[in-house]
Structures are given as C-alpha cells and as structure tokens.
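**Student:** Numbering (the working numbering), first residue to last: 751 to 1069.
For reference, the structure I am asking about is given below.
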C-alpha cells in the first residue's frame, strides 16, 4: 500500500461513448484511492450525450476535480492524446478510454504503489480482459496470475501485451521523452510504450483489472484480419525511425513475420498467430545495457558525438 497520499491525474479520453461512458465512470469513481484525483476530460468533439453524462458526476466525490479540455474541434485520436498528456498536472497519470472500464477497485492504488516502489519503471500496465460484444465473452489477454513481471521494449515489439492505454499508469515526467514526431503519425499505446521502454522497463501486474471492449459495429473490429496486419506492417518503418534504429532488427523480424502471415492468409493457408513466441532478432550492444546506464551515457555524451554516432549507424545500414 502507498505509505503516503499521492496526487493522481486520470486522463479520460472520449468520443461518442454515450452507451459506455457510465460504466467507465462508475468504475473510476469506485476506486479505492485516498489521494486527490484530477480528472482531465479530453473529449474529441462528441456529437452525442457523452459530455452531458460526464458532467453528471461533478461534485459527487470530493476526491475529484474536473478539467475539461477544449472540445470545439475534432483533433483525431493521436493529437487528442498529445494535448491530454500535456494537460495532466500530477505525478502519476492513469488513462481511461470512454468505452473501456476497470474491474478491480484497487487498480489505481496498486499501480501507484508499484511506481512508488520501482524507480526503474515509468510505466505500469495490468493484465486485462478482451470483451467481445457479439459473444458477451471475456477473455484474459494473458493467463491470469498474481504478482508482477517486467517487460522490455524488445519484448513489447514482439508482442504488445500491454494492449491499450486503459491498462496503463505513467510517471508524468516520462511524457517529456515522447518526440513530437510520434504524434504526427498513427501512434497509439504500442509505440508510446516502446519509446518509453527504451530508458526504463515496464512493470506488468498479472491480475486482470481492466476490460478492453471489441465493438461489434466498430470500424476496426469489422476490418478484415489481413488488412489489420497490413496496417501494422505499414507503420513499422516510422516506428523504427522514432526509436532511432535501436530496435531495427526487431522491427525487421516482426515485418518478416507479418509478411509471411499475410501471404499465407491470402493463399488460403491457416496463418499462425502473430503473438506466439518467436526467435528473437540478433541483439545489439544497447539491448544488453540496463536502461539507467543508457540514460547516464546519453546525459554525459556531447551532442556532436551523439549525432555523429547516429549518422554512422544509419549509413552502415544503408550499405
């Protein structure tokens, strides 16, 4: 348990979630958490009653203060997240998307406790259930267990078990490491967490505490599996560039696997699951360094030398 009260920000991201937002808010307001909670509402110009429902919760719990971001313009999900991260004021930041919900009343307190006890982690995720609306079925993302484990950036590239923002709590200070270019492309939880895991390890609590909803009528849910794989393949070069080529071999290995699955699917073969265990790419020296050592080296290295090394590495890969 937390030894002292900490101030927490919760970033509530919503867009036309009137059918689900009450379930999300009830789960949030039911959290067993002693400290003050800043609720940052990043609504992306909903055209339904989402905002009206959110306002109904004002004043019912003294722990909460509400901060509404401008909702006069539809920004799109990536830029909406950028302004949401920037608007959060407190040391720890949890994210809740308006169509997801939490199933453990201790989610926030357990994640905040974890971050307070593990300086080496800037991100704490939790196991979660995938809820298929058409089948009314809950399936854990990974086998249910207790305790925690640590996840590296390379492991996250091979299998995004963190899965979605609603499972995550961050140190607010870590957002300063997110490059502006990340918000100029389709960049969701996966690449955000990969970038942050370059200089820290991700803590993962193995008990399911969140629910990710698969909408029957959702655009992404209805997208054919092969098209989803192609979309993932298309963003990998940009993700490789965002991480300065440090994980180039890992992204190349993933791209090769995706192309294989896409080809197998198109010729009618049964494609293997992309998330199954794979042989890792050949590691580089950076992969063996503790995250904190990378931080120290980067801090002490002259900028000119750092830029020279980056140019040499890129030139060697282009040969």
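Ideal placement from N, C-alpha and C gives every residue a C-beta, glycine not left out.
#1: In chain order, what residues of the same chain lie with their CB nearer than 7 Å to the CB of residue 897, ignoring the 5 residues before and after it?
#2: If you run the structure through DSSP and keep just helix, strand and coil, what is residue 885?
#3: Nearest by alpha-carbon distance to residue 894: which of 1011, 837, 877 is it?
#4: Assuming contact is defined by CB atoms lying nearer than 8 Å, are residue 762 and residue 789 in contact in what I supplied?
#5: Using only alpha-carbon positions, find the residue among 1008, 858, 988, 769 that is nearest to residue 908.
#6: Excluding the 5 residues preceding and the 5 following residue 766 in the sequence, name in chain order all residues of the same chain whose CB lies nearer than 7 Å to its CB.
#7: Expressed to the nearest angstrom, what Euclidean distance is found between the alpha-carbon atoms of residue 978 and residue 872?
#8: Which term fits residue 1017, buried or exposed, when burial requires 16 or more other beta carbons within 10 angstroms of its beta carbon?
#9: Taking buried to mean at least 16 other C-beta atoms within 10 Å of its own C-beta, is residue 1158 buried or exposed?
#10: Of all the alpha helix (DSSP H) runs that stay within the bounds of the stretch 857 to 941, which reach a length of 4 or more residues?
#11: Let's test the definition: count the other Cβ atoms within 10 Å of the Cβ of residue 885 and tell me whether it reaches 16, buried, or not, exposed.
#12: What number of angstroms, rounded off, separates the C-alpha of residue 827 from the C-alpha of residue 806?
#13: I need the straight-line Cα distance from residue 946 to residue 780, nearest angstrom please.
**Tutor:** According to the data block:
#1: Excluding residues up to 5 positions away in sequence, 956 lie with their Cβ nearer than 7 Å to the Cβ of residue 897 in the same chain.
#2: coil
#3: 877
#4: yes
#5: 1008
#6: So the list reads 796, 797, 798, 800, once near-sequence residues are dropped.
#7: If you take the alpha carbons of residue 978 and residue 872, they lie about 29 Å apart.
#8: Under this definition residue 1017 is an exposed residue.
#9: Lying before the first or after the last residue shown, residue 1158 is absent from the chain, which here runs from 751 to 1069.
#10: 857 to 867, 903 to 908
#11: exposed
#12: When only Cα atoms are considered, residue 827 and residue 806 end up about 24 Å apart.
#13: 29 Å
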